[in-house]
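To start, the structure itself, in structure tokens.
Protein chains: 2
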Amino acid sequence: MASYRERPAVLRSIGRLMSTIAVLALVSTASLAQEASTMSSVLEASSASDWRPLQQDLALYMTLDHGTVVIELAPEFAPMHVANIRTLVHEHYFDGLSIIRSQDNYVAQWGDPNGDTEFMRDHGSAAVQLEAEFYRDRSGIEFVRIQSQDAYADEVGFVNGFPVGRDDERAWLVHCYGMLGVGRGNEEDSGSGAELYVVTGHAPRHLDRNVTLAGRVVHGIEHLSSLPRGTGPLGFYEEESQYVPIRRIRLGSDLAEDEQLQLELLQTNTATFEQLVDARRYRREAWFADPTGRIGLCNVPLPVRLRQ
Amino acid sequence: MASYRERPAVLRSIGRLMSTIAVLALVSTASLAQEASTMSSVLEASSASDWRPLQQDLALYMTLDHGTVVIELAPEFAPMHVANIRTLVHEHYFDGLSIIRSQDNYVAQWGDPNGDTEFMRDHGSAAVQLEAEFYRDRSGIEFVRIQSQDAYADEVGFVNGFPVGRDDERAWLVHCYGMLGVGRGNEEDSGSGAELYVVTGHAPRHLDRNVTLAGRVVHGIEHLSSLPRGTGPLGFYEEESQYVPIRRIRLGSDLAEDEQLQLELLQTNTATFEQLVDARRYRREAWFADPTGRIGLCNVPLPVRLRQ
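Heads up: the protein sequence lines correspond to chains A and B, in order. Numbers -10 to 297, taken from my numbering, label the letters of the first sequence in order. Numbers -10 to 297, taken from my numbering, label the letters of the second sequence in order.
Structural data, given as structure tokens:
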């Protein structure tokens, strides 16, 4: 673990998802591609075409009192749920609801606490239940495999910036840190997207193919992950006074441009991303005694930056 | 993801490390061992000999204003560091220092912010630097292997309640959620235990064999994991006013008995633990659509309860 005594050295190795925006502001544009690669040098040498803009009509902006969380939806894996969530958000379904659960090393979850009663909030034009979208056919998507022994899937990799598992027939989004999931009851088709959670702990991969995943946090996850933990069963807040109010959730495309965050995401089907995975597999920073030579799916950073 | 609509059903499947104490209070002592096993039924059917008491002379009690964190040390893997940390704590080295770093999805870290200056706090009888204890010989310890494809180690399992990786020659503690590590600079022998961190995010396994791990949190990790994130590089707090004061750290054996927490830990070399791993590999709770059939090392819960 990097010591504060060595900030300059370890700064070169920084690579946490949400820190990337800050880091990129620190590096120059001079190419370091010829040197032994680190994540910083790989990103520094990236070209504009390695990045794609966050698509605002697939972006959710969740406004909490202490900050804004931005989530990118994944229509390739959960088209019905993404459409339903977009409808709910467009019609302001979540405004004034709350985060009602924060379970340590697991999830933060929000929705209507009266969702199972006659007092449930009206879903407007949105469906109240949807067929599960736990996985899809493995064909028809561009899968970038990474070499890794994975505890839960035959093969792992990325599709358009999302972590994915595969077997011979199916492909599915996996529960890495920051992924957005659709709460459901015991019936597989009992979810709708009106109750959502974000993974805030070690990847709970046993939920893969048991829940519809619909996106991932691309900005501000610390506003969810640092919430006080609920003390009720499963980390639910026991008192309404502990609920964390959601002032509003909006689609980026429903916001004025100056309210949008112009984010860019590193494309995972590029040579630059391949180099980045290699740089994280073989740690060449001075601090490392053992360069490791291996990497896990949920340990691969997915860089996000402000538009250059 | 379990819905709040289904609390009773999902309550049976609860298994997060820190929730176990609460859960165990809810189950009766009637044996359910004949039924298809879930974690709850396995724990319910456990016998007193499946548990061991927390050894108070290997327990650190960290008192923060918002709660107490209890850490169990691992002398089998880091004997020199454990001895040095025990000396530092016995001589009250940490009292009045602070948590100075909280990096999202990574670590919370504490120590002397002047540790690299002439104003560094006196280490008393403790060493200021120690030889690294990144790994040990694989012989001489009782290793309980679990079948799992692991991204970072040839074999994985548990030794006396701690998650461990192995190759043909070596064994080492691995960076699962809640593990305690020893901060160091670029030199491998630059750590002493005066600067410590706890993993509060997805297992940063690239740190395995690069850092001396010395223990794990067995109670109260939420007091570390829910801290506000630092906004400086690597999650360091930028202002001293943001530091989180450590009122004191004590060895359990230096506390009066009524100040100790009488915890019991499920022994990992028991048939009960083997059944628990099986129950987490094959999820038989009604909520699961796909029982998974696989498990990752850092997804295995390590139950802790109050003395029965």
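Quick reminder that beta carbons are idealized off the backbone N, C-alpha and C, glycines included.
The Cβ-Cβ distance between E274(A) and T27(A) falls below 8 Å.
Our two residues, P280(B) and E228(A), have alpha carbons roughly 33 Å apart in a direct line. Taking a contact to require three or more Cβ pairs closer than 8 Å, the segment 234 to 249 of chain B and the segment 195 to 212 of chain B do not qualify as touching. Secondary structure at V78(B): helix, using DSSP grouped into helix, strand and coil. A straight line joining the alpha-carbon of L162(A) with that of D197(A) spans about 7 Å.
By the Cβ test, the segment 183 to 191 of chain A is in contact with the segment 148 to 167 of chain A, since at least three Cβ pairs between them sit closer than 8 Å. Around R239(B), the same chain offers Y50, V78 as residues with beta carbons nearer than 7 Å, after the five sequence neighbours per side are excluded. Taking a cut-off of 8 Å for Cβ pairs, the segment 242 to 257 of chain B and the segment 114 to 121 of chain B do not touch, as fewer than three such pairs fall below it. Under the DSSP assignment, E211(A) falls in the alpha helix (DSSP H) whose first and last residues are 211 to 214. Of all residues in the segment 166 to 180 of chain B, those with a C-beta nearer than 9 Å to a C-beta of chain A are Y166, G167, G170, V171, G172, R173, G174, N175, E177, S179, G180, reading in chain order.
Taking C-alpha positions only, Q45(B) is separated from L255(A) by approximately 49 Å. No Cβ of chain B is located within less than 8 Å of the beta carbon of P68(A).
By the neighbour-count criterion, in which 16 or more other beta carbons inside 10 Å mark a residue as buried, Q264(A) falls on the buried side.
For the segment 105 to 118 of chain B, residues whose beta-carbon sits nearer than 9 Å to a beta-carbon of chain A comprise D105.
Contacts with chain B at 8 Å (Cβ-Cβ) do not include A245(A).
When 7 Å is used as the limit between beta carbons, E211(A) is near these residues of chain B: D93, R218, in chain order.
Uninterrupted alpha helix (DSSP H) stretches at least 4 residues long and entirely within the segment 193 to 237 of chain A occur at 211 to 214, given in chain order. Counting along the chain, T261(A) sits inside the alpha helix (DSSP H) bounded by residues 260 to 270.
Within the segment 279 to 295 of chain B, the residues whose Cβ lies closer than 8 Å to some Cβ of chain A are D279, T281, R283, I284, G285, L286, C287, N288, listed in chain order. Within chain B, no residue has its beta carbon less than 8 Å from that of Q264(A); the closest one is some 17 Å off.
For the segment 121 to 138 of chain B, the set of positions with a beta-carbon nearer than 8 Å to some beta-carbon of chain A reads A121, F123, S137, Q138 in chain order. Just so you know, the alpha carbons of D39(A) and F123(B) end up roughly 38 Å apart.
Counting only runs of at least 3 residues, the segment 20 to 101 of chain B fully encloses the following beta strand (DSSP E) elements, listed from N- to C-terminal order: 40 to 42, 48 to 53, 56 to 62, 87 to 92, 96 to 100. Judged by DSSP secondary structure, A160(A) falls within the beta strand (DSSP E) whose first and last residues are 159 to 162. With the rule of 3 Cβ pairs closer than 8 Å, the segment 49 to 65 of chain B counts as touching the segment 141 to 156 of chain B.
Its chain contains Y95, H164 as the residues whose beta carbon lies nearer than 7 Å to that of P193(A), once the 5 sequence neighbours on both sides are disregarded; these appear in chain order. Annotation: Cβ neighbours of S214(B) in chain A (cutoff 9 Å, chain order): D93, N94, T189, G190, S214, S215, R218.
One alpha carbon belongs to A121(A), the other to P68(A), and they sit about 11 Å apart. Secondary structure at E253(B): strand, using DSSP grouped into helix, strand and coil. At a C-beta separation below 7 Å, N199(A) has these neighbours in chain B: F277, A278, D279. Following the DSSP letters along the chain, one finds R155(B) inside the beta strand (DSSP E) bounded by residues 151 to 155. Proximity of A260(A) to chain B, defined by a Cβ-Cβ separation below 8 Å, is not satisfied.
The criterion of a C-beta distance shorter than 8 Å is satisfied by R90(A) and G224(A).
In the same chain as E80(A), and ignoring 5 residues on each side of it, the C-beta atoms closer than 8 Å to its own belong to G113, S114, A115, in chain order.
Closer than 8 Å at the C-beta level to chain A, one finds no residue of the segment 43 to 67 of chain B.
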